[in-house]
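**Q**
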Amino acid sequence: TEVFSNYMDQKLFSANALYGIGGYGEDRILYKRSDHFKSRGSKVSPFGEASEEAASRSIHLGIDIWGKAGTKVFVPIGGTVHSFAYNDNFGDYGATIILQHQLETIVFHTLYGHLSLADIANMQEGKYISRGELLAHFGEASENGNWPPHLHFQIIQDMRLHKGDYPGVCSISEKEKYLHNCPDPDLMLNMMKYAG
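Count along the sequence shown starting at 1, add 1057, and that's the number in the numbering used here.
Right, dumping it as structure tokens:
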């Protein structure tokens, strides 16, 4: 984690940037550092189907915003707290909050991962969070799944039965299903135009 953190700090410094942006749908080898993303053979996918994972999970389903620990996270669209959890496996989300939103008849969710533990200490399911309201902060590596400080932001159409967690990375064989259920967060954030 320290080497990865130093690498990210150097990339931001070299670009004279406060934040870095990691893209949606990327096939990332960096997940090989954690057993959390390794193939576990036969299992049932969140879609209720039996799946035989031929390879480890490596397809990123959200956008990462890299920056300093303690960076404030504001809500881009109002919603209620669906669930939250501390997902403490090495390489997992760490502190995580999921909001539920409704636009007319369309219900969807946004996931905020790698947060500070303090942000979920007094969180309550069903609480309404307004657009532009402070939700959380980027967590330190010790509380965010052992990553350099960043936010994982993901849109999820159907949570199925998940609470406080939802895969942020899928296998190549399940890419089409997951990318359909987790559309590009840049539709909401409009940030990738700044990625270089």
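In this text, a Cβ means the ideal position worked out from N, Cα and C, and glycines have one as well.
Report the rounded CA-to-CA distance for Asn1073 versus Ile1134, giving the unit in angstroms.
**A** 29 Å
**Q** Assuming contact is defined by CB atoms lying nearer than 7 Å, are His1209 and Gly1170 in contact in what I supplied?
**A** yes
**Q** Straight-line CA distance for Gly1136 to Ser1071?
**A** 37 Å
**Q** DSSP three-state call for Ser1099: helix, strand or coil?
**A** Note that Ser1099 scores a pLDDT of 45, beneath 50, so its modelled location is shaky; the value from the coordinates is reported in the next line. Of the three classes helix, strand and coil, the one that applies to Ser1099 here is strand, per DSSP.
**Q** Can you look up Ala1193 in the DSSP assignment and give me helix, strand or coil?
**A** strand
**Q** Since I believe Ile1154 is in contact with Leu1246 (beta carbons under 8 Å), could you give me their beta-carbon distance rounded to a whole number of angstroms?
**A** About 16 Å; that fails the 8 Å criterion.
**Q** Using the DSSP secondary-structure output, state which residues sit across from Tyr1185 in a beta bridge.
**A** BP columns for Tyr1185 point to Thr1137.
**Q** Can you grab the Cα-Cα spacing for the pair Lys1232 / Ile1116, in whole Å?
**A** 7 Å
**Q** If Pro1206 and Thr1128 are in contact, beta carbons under 8 Å, what's the gap, nearest whole angstrom?
**A** 7 Å
**Q** Are Asp1149 and Gly1079 close, meaning C-beta to C-beta below 7 Å?
**A** no
**Q** Applying the 10 Å Cβ sphere with the 16-neighbour rule, what's the burial state of His1237?
**A** exposed
**Q** Helix, strand or coil for Gln1067? Go by DSSP, reduced to three states.
**A** Gln1067: helix per DSSP, three-state reduction.
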